[in-house]
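What follows is one structure encoded as structure tokens, with my remarks underneath.
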């Protein structure tokens, strides 16, 4: 007997989907803040990579919520493209020759 969409949407699953959606939205807002206000190019590149991961997570969440596995195919394709974009950005940073200076001591925190 196949699993129907009514079987998937138990109250616990619906609550988990809602909580996951809120967490993805919060992460998206923080990611955009890092993209706009990131002090270095590397911070912005990492934020863009996280944005790609959030898009893959949203596709997976959409596949669970709708019961349509076609969204998982889109998530896999998006993950492959995101990997290639990350490699391209890393090469761009390496070729640009910009060095980031890490200040030691006197910082606002961190591990010693």
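Residue numbers (the working numbering): 2 to 113. All residues carry an ideal CB built from backbone N, CA and C; glycine is no exception.
- In the displayed model, residue 21 falls within a helix according to three-state DSSP.
- DSSP places residue 67 in the uninterrupted alpha helix (DSSP H) bounded by 42-67.
- Per DSSP, reduced to three states, the secondary structure at residue 70 is coil, with no helix or strand assignment.
- In this structure, the alpha-carbon of residue 24 lies about 10 Å from that of residue 18.
- The C-beta separation of residue 60 from residue 79 comes to about 6 Å, placing the pair in contact by the 8 Å criterion.
- A Cβ-Cβ distance of about 7 Å is found for the pair residue 83 and residue 50, placing them in contact under the 8 Å criterion.
- CA-to-CA, the gap between residue 76 and residue 39 works out to about 27 Å.
- Taking a 10 Å sphere around the C-beta of residue 89, we find fewer than 16 other C-beta atoms and assign the residue as exposed.
- Contact check for residue 22 against residue 62 passes: the beta carbons are separated by less than 8 Å.
- Of the residues 94, 70, 52, the one whose Cα lies closest to the Cα of residue 27 is 52.
- Residue 97 sits in a helix when the DSSP states are folded into three classes.
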